[in-house]
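> If you're matching them up, the sequences are chains G and S in order.
Here UniProt numbering is used: the first residue of the first sequence is 1, the next is one more, and so on.
Here UniProt numbering is used: the first residue of the second sequence is 1, the next is one more, and so on.
Number of protein chains: 2
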Amino acid sequence: MQNEQLVKDLQAILGSAKVLSEKLDLLSYSYDSSFMARNNRFVPDVVITPTSTEEVSKVMKYAFNNNISVTPRGAGSGETCGSLAIQGGIVMDLATWDTIEEIDAENMQVQMRPGVIHAELNKRLAEYGLFFPPDPGSSQMCTVGGMVANNSSGLRAVKYGTTEQYVLGLEVVLPNGEVIVTGGVNCRAIKNVSGLNLTKLFVGSEGTLGIITKIRLRLWPKPKARGILMAVFNDLEQAPQAVLDVYKGGILPSGIEILDSSAIKAVNEYKPDINLPNAEAILLYELDGNPASVKWEGEEVSRIVGLLAANVEWSTDPQRMSELWQGRAVTATAAARVREDGSRIFAGEDISIPLNKVTESLKKIKEIGKKYGIGVVNYGHIGDGNVHTAPVINPEDPEEVKLGAALADEIHLLAIAMGGVTTGEHGVGAVRSQYARKEHGAALDVMQSIKRTLDPKNIMNPGKLLPEEGNKHGTSTSSGS
Amino acid sequence: MQNEQLVKDLQAILGSAKVLSEKLDLLSYSYDSSFMARNNRFVPDVVITPTSTEEVSKVMKYAFNNNISVTPRGAGSGETCGSLAIQGGIVMDLATWDTIEEIDAENMQVQMRPGVIHAELNKRLAEYGLFFPPDPGSSQMCTVGGMVANNSSGLRAVKYGTTEQYVLGLEVVLPNGEVIVTGGVNCRAIKNVSGLNLTKLFVGSEGTLGIITKIRLRLWPKPKARGILMAVFNDLEQAPQAVLDVYKGGILPSGIEILDSSAIKAVNEYKPDINLPNAEAILLYELDGNPASVKWEGEEVSRIVGLLAANVEWSTDPQRMSELWQGRAVTATAAARVREDGSRIFAGEDISIPLNKVTESLKKIKEIGKKYGIGVVNYGHIGDGNVHTAPVINPEDPEEVKLGAALADEIHLLAIAMGGVTTGEHGVGAVRSQYARKEHGAALDVMQSIKRTLDPKNIMNPGKLLPEEGNKHGTSTSSGS
């Protein structure tokens, strides 16, 4: 179909204000934070901004009848090309549809449209003493719809799990335009074992099975207190041990973060004032709960970790907590500035590995980096084994771009060899589907058969999450990942 | 196929020791705890007890090629006919396959075969200071395989969620005999967003999509302390308010249980020594965590609930806790003995309703009971709205059996009308699939299309969870439910 006709048809459905087709508009929808999007431009044919289920349904019916690909998009803060129209077609921008429809505090839940910003939601919920626990780094910009589609998590997954744990139900527009409600039509129950669990199938499906148009989330009482503990280690192997010993002590912190020597160096170079101790690793524990609990656990974790660490500091003072956390807060930015001519790339950056393989994995990643002559900054959620490994290259140098891609590939394969997976929270998108066969074996065939069943024409975000059908080895032809 | 041939073929696959075909053996596999099984005998054609993935796979290939139904079974402690061969065929008893393959304490997880008993697992895990939090009433007998298939929960779901929250991966034998591993082949990671979430699709699928042959569970540090608070209310409406007020106070107890006046009466008649105060409702809060936290929360919950309740008692003394809990511990048994000539039936017994509709629902259930002249004993997990409503009838009286079924139907429809669902934890099985269309609307079609995709010959536990295909209204022809 010619773009002109496509635009006209969509204008007829949505009105012209909700259809973007100017070149500059389209260009601004052609990238996300991924390395792949840095090396390619995936310009959609048209962008639309529907704000009702009816509009989404009409568009999907039209797309289905005309075999046009549709890629849903939240804030575009992803790192996997997940919201880019890599095969062209329609990008459906859902970020403007940001209504919190009902905070049902009496039933500990909220209903909202996909475009609500995570931080905004928690600000509103705080008025009721409630919160939605997952805490992605992109909280200030990412949409809850995007979080559901990617099953996002972040700093607090150790104790609070990932987004899926809170999704009670979804309204979904299927590829053929039909509208379903998962988790029970008109349901406000918290516990529900009726029927197949479609809700959790859609969570993390990255827009490949349908468009999420409404979200019902379970909420938790907001804890009244928190504290931060910083521990400094002279031996990398002590770091995972210091995680495990705390668990053995019967304590589940809300988060446990690591900065290894590469991240410590990056932070000190970026902000010398922070002046992190030169060490093999720094761990940051966040403890939350009631005030008595936080005090008790702070003392206990200090004692347990103190047996291993060179230095431990514990604080519940807001000012000091913020100082202790400062190094972690700037790590991502610091990693991006390790080299004058360099930039941190989002490739091979989200591995999730078993806790007892963290030390070995980080050492091997250091070696792999050396082999390619590329620095890798390691930090992230050690409490659940989800480590962010950030290669830093000169993205203007085609040779380094090639080396960066090869390095990311080795990191991914290392994660799988270590009994881990290529992605703990950022997702698969177009950049990691080539590992699907290795990661899932025959289960990939079941995933593909479900995809075919729900999306027989393969119009929902094609080329994402699963390798394209007909590609028996599950390898991808995508470049620059 | 003649049974004789079927038995011979299975003996050839498994050896004769693993094939049961004596009438008495088959009879002992013809019931569970459900009301429906009381009124019907679903005798399987043959029972097998495989103890390897290879055996299960061979049987499924054989069953697939010969169009024979297969019904997986754990301990048979269910209340929905879920593990009964209601259309005949093979019952696959997985309870004898009870190996804990590896407690991987370093990675906070365990791998096991489906027949492991829940209480037995937690006994073993306690040696490592770990536990698997869900706590079904049938803990001493139910299998973890059954818990996964039914997404079981129990007393601690308020804080710890249901079984699904802990399932990291499954080995599943598909209806055609193929073996897949969900959550990553050889994976030991805790966090994983790679691929479609097949794990959570199989959890709660009640044996309708495949046979679960291996389970990988995430574990939690076992909390070091707990306490019990009992609160007595003269007005039923105060009970849900006393739940909500505690949440508003920033506290999430591990469990909040209710006994309404009907349950209090039942307990006092069954065990006069327990001598529960005559009241409209009794709430029991269980608080767990570190010792300081439990003390703080015990005092705080006492204060909050004390503003509403006629009487509050809080204890961390093991002896006193056990006394306070005693009434709740015997409720199910007491309910079964409310009448000399009567028995508690498992029908309409597991509704899950929004917290703000609990009072209204319990009052209406009392009225419905009166209309039918049948007493209903109400108790259960008010913290998440999952109330067990136990009708007590004379099961030998055909007229009462009919009335009991009609009453259960009204309770189920009431739950849906209140914004709830017919089952919070016991499952659908053969006894609640007639409500699927009302509960799920068009989403039921998607569930059925997934069922068709994975089980094209409809041999996996047919007649369970979803209404049979071709039945457009989603109504069931099952009797006595």
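In this text, a Cβ means the ideal position worked out from N, Cα and C, and glycines have one as well.
Pull up the distance between the alpha-carbon of S:LEU413 and that of S:PRO391, whole angstroms please.
C-alpha separation (whole angstroms): 15 Å.
> Starting from the C-beta of G:GLN238, find all residues in its chain whose C-beta is less than 6 Å away, skip the five residues before and the five after it, and write them out in chain order.
Around G:GLN238: LEU308.
> Nearest to G:SER152 by CA position, among G:ASP45, G:GLU400, G:GLY250, G:GLU164, is which residue?
The shortest C-alpha separation from G:SER152 is found at G:GLU164.
> On the DSSP letters alone, give me the boundaries of the alpha helix (DSSP H) that G:TYR379 sits inside.
Not the alpha helix (DSSP H): G:TYR379 falls in the beta strand (DSSP E), residues 375 to 381.
> Counting C-beta neighbours from all protein chains within 10 Å, is the total for S:THR99 16 or more, i.e. buried, or is it exposed?
Exposed.
> Looking at the C-beta of residue 546 of chain S, does it have a partner C-beta in chain G at a distance below 8 Å?
As shown, chain S starts at 1 and ends at 481. That puts residue 546 of chain S outside it, with no answer to give.
> So is S:GLY255 buried or exposed if we call it buried at 16+ other beta carbons inside 10 Å?
It is buried - the Cβ of S:GLY255 has at least 16 other Cβ atoms within 10 Å.
> According to DSSP, simplified to helix, strand and coil, what is S:TRP97?
Looking at S:TRP97 - three-state DSSP - the assignment turns out to be coil, as it is neither helix nor strand.
> Using a beta-carbon distance below 8 Å, is G:ASN471 in contact with chain S?
At G:ASN471 the pLDDT is 48, less than 50, meaning the model places this residue with poor confidence; the figure from the coordinates comes in the next sentence. So no, G:ASN471 is outside the interface.
> If we cut at 8 Å on Cβ distances, does S:GLN434 have a partner in chain G?
So no, S:GLN434 is outside the interface.
> Residues of chain G with a CB under 7 Å from the CB of S:MET447: which are they?
Per Cβ cutoff of 7 Å: GLY195, LEU196, LEU198.
> Which residue marks the beginning of the beta strand (DSSP E) containing S:HIS412, and which one marks its end?
Premise fails: S:HIS412 lies in the alpha helix (DSSP H), 398 to 417, not in any beta strand (DSSP E).
> Can you tell me whether G:MET92 is helix, strand or coil according to DSSP?
Strand at G:MET92.
> Reducing DSSP to helix, strand and coil, say where S:VAL46 ends up.
It is a strand residue.
> For S:SER478, count neighbouring Cβ atoms within 10 angstroms of its own Cβ and tell me buried if that reaches 16, exposed if not.
Low local confidence applies: a pLDDT of 40 at S:SER478 is under 50, so the model's placement there is unreliable, with the coordinate-based value given in what follows. It is buried - the Cβ of S:SER478 has at least 16 other Cβ atoms within 10 Å.
> What three-state label does DSSP hand G:ALA225 in the structure shown?
Correct three-state label for G:ALA225: strand.
> Near S:GLY129, what residues of its chain come up, given a Cβ to Cβ distance below 7 Å and the 5 sequence neighbours on each side ignored?
Taken in chain order, the residues that qualify are PRO221, LYS222.
> Looking at G:ALA279 and G:PHE233, is the spacing between their C-beta atoms short of 8 Å?
In contact: G:PHE233 and G:ALA279 (Cβ atoms closer than 8 Å).
> Given G:LEU125, which residues of its chain have a CB within under 8 Å of its CB, disregarding the five upstream and five downstream residues?
Taken in chain order, the residues that qualify are ILE103, VAL110, PHE131, PHE132, LEU219, LYS222.
> Closest Cβ-Cβ distance between S:ALA408 and chain G: below 8 Å?
It does not; no Cβ of chain G falls within 8 Å.
> Below 8 Å, can you find three or more Cβ-Cβ pairs linking the region 430 to 449 of chain S to the region 377 to 390 of chain S?
In short, these stretches do not touch, since the Cβ pair count stays below three.
> For S:ALA335, which of S:HIS388, S:SER34, S:HIS440, S:ASN458 has the nearest alpha-carbon?
That would be S:HIS388, whose Cα lies nearest to the Cα of S:ALA335.
> Taking the DSSP output, what are the residues bridged to G:MET460?
DSSP, once it has assigned bridges, lists G:VAL70 as partnering G:MET460.
> Using a Cβ cut-off of 8 Å, pull out every chain S residue sitting near G:GLY168, in sequence order please.
Looking at the sequence shown, residue 168 of chain G is not Gly but Leu. Going along chain S, no residue has its Cβ under 8 Å from G:LEU168, so there is no contact; the nearest lies around 11 Å.
> At 3 residues or longer, what runs of the beta strand (DSSP E) sit wholly inside the region 269 to 311 of chain G?
Listed in chain order, the complete beta strand (DSSP E) runs (minimum 3 residues) inside the region 269 to 311 of chain G are 281 to 289.
> If the cut is a Cβ gap below 7 Å, which residues of chain G does S:CYS81 touch?
None at all; the shortest Cβ gap to chain G is about 15 Å.
> In the DSSP assignment, find the alpha helix (DSSP H) that holds S:ASP260 and state where it starts and stops.
Here S:ASP260 belongs to no alpha helix (DSSP H); instead the beta strand (DSSP E) covers 255 to 260.
> Can you tell me the Cα-Cα spacing of G:VAL181 and S:HIS440, whole angstroms?
Their Cα atoms are separated by approximately 7 Å.
> Using a C-beta to C-beta distance shorter than 9 Å, which residues of chain G count as neighbours of residue 488 of chain S?
Shown here, chain S extends from 1 to 481; a query on residue 488 of chain S therefore has no answer.
> Restricting to Cα atoms, I'd like to know which of S:LEU196, S:SER205, S:HIS426 is closest to G:GLY204.
Ranking S:LEU196, S:SER205, S:HIS426 by Cα distance to G:GLY204 puts S:LEU196 first.
> Is it buried or exposed, G:GLN2, if we count other Cβ atoms within 10 angstroms and call 16 or more buried?
Result: exposed.
> Just to confirm, are G:MET460 and G:THR208 a CB contact at a threshold of 8 Å?
Contact flag set, yes.
> In this structure, does DSSP put S:THR477 in helix, strand or coil?
Confidence is the limiting factor: at S:THR477 the pLDDT is only 39, short of 50, which leaves the residue's position unreliable and the question unanswerable from this model.
> Check whether chain G comes within 8 Å of S:SER205, counting only Cβ atoms and requiring the distance to be less than that.
Chain G contact via Cβ: present.
> Find the nearest neighbour of S:LYS363 within the set S:LYS200, S:SER262, S:TYR285, judged by alpha-carbon distance.
S:LYS363 has its Cα closest to that of S:SER262, out of S:LYS200, S:SER262, S:TYR285.
> Along the chain, where does the alpha helix (DSSP H) containing G:ALA335 start, and where does it finish?
Looking at the DSSP string, the run of the alpha helix (DSSP H) that includes G:ALA335 is 318 to 336.
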